[in-house]
Amino acid sequence: MSEKKSIKNIGIEIKTYPKEDCSDKNCPFHGSLKIRGKIFQGTVKSTKVQNAAIIEWDYTRYNKKYERYKRLKTRVTAHKPACLNIHENDIVRIGECKPISKTKKFVIFEKLS
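Shown next, in the form of structure tokens:
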């Protein structure tokens, strides 16, 4: 028989906790990974990489020379825990954590839609 693991408090106010269990050591709810630093909200653009997702968000910056705004975007690779059911075009919140690999320095901790 498998016992349900308890979900630990990650110290960030979130609306929905994961309903599934996972044995991922890099899961903020069931593993030992701590979220610290910046928190961002973005859209999942790709989930083709195993246990990772490409997250993208847009922002504007004022260009003083041309006196108008330019649109920019940021793309980061984030760890995708197995207990969260994440697909492309989902809106998620990610938090900064210790480096998991060369490019992964964020982890997904909440699915907004």
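Just so you know, the numbering used here puts 95 at position 103 of the sequence shown, and the rest follows in order with no gaps.
In this text, a Cβ means the ideal position worked out from N, Cα and C, and glycines have one as well.
Pull up the distance between the alpha-carbon of residue i and that of residue j, whole angstroms please.
{"i": "Cys89", "j": "Lys57", "result": "37 Å"}
{"i": "Ile114", "j": "Arg60", "result": "Only positions -7 to 105 of the chain appear in this structure, which leaves residue 114 out of reach."}
{"i": "Thr69", "j": "Thr95", "result": "6 Å"}
{"i": "Met(-7)", "j": "Leu64", "result": "Because Met(-7) sits at a pLDDT of 43, beneath the cut-off of 50, its placement in the model cannot be relied upon, and the following sentence gives the value as read from the coordinates. Computed Cα separation, rounded: 51 Å."}
{"i": "Gly23", "j": "Thr66", "result": "28 Å"}
{"i": "Lys62", "j": "Thr35", "result": "20 Å"}
{"i": "Ile16", "j": "Lys37", "result": "The sequence as given places Asp at residue 16; Ile does not occur at that position. Each residue's Cα considered, the two are about 23 Å apart."}
{"i": "Ala74", "j": "Arg53", "result": "36 Å"}
{"i": "Ile92", "j": "Asn55", "result": "35 Å"}
Have a look at the DSSP bridge pairing and note the partners of residue i.
{"i": "Lys96", "result": "Thr69"}
{"i": "Lys0", "result": "DSSP lists no partner for Lys0."}
{"i": "Asp50", "result": "Lys65"}
Among the options, which residue has its Cα nearest to the Cα of residue i?
{"i": "Ile6", "options": "His79, Ser38 and Pro20", "result": "Pro20"}
{"i": "Cys13", "options": "Asn77, Thr66, Gln33 and Ser105", "result": "Correcting the residue identity first, residue 13 is Asp in this sequence and not Cys. Closest by alpha carbon: Asn77."}
{"i": "Asn81", "options": "Ser(-2), His71, Ser93 and Trp49", "result": "Trp49"}
{"i": "Thr39", "options": "Lys72, Tyr54 and Tyr51", "result": "Lys72"}
{"i": "Lys103", "options": "Ile86, Ile92 and Ser93", "result": "Ile86"}
{"i": "Ile83", "options": "Tyr51, Ser105, Thr8 and Lys11", "result": "Ser105"}
{"i": "Phe32", "options": "His79, Ser(-2), Lys0 and Ile4", "result": "Ile4"}
Looking at the secondary structure, which residues open and close the beta strand (DSSP E) in which residue i lies?
{"i": "Glu88", "result": "Ile83 to Glu88"}
{"i": "Gln33", "result": "Ile31 to Ser38"}
Touching or not, the segment 11 to 30 and the segment 44 to 51, by the rule of three or more beta carbon pairs under 8 Å?
-> Verdict: no, contact absent.
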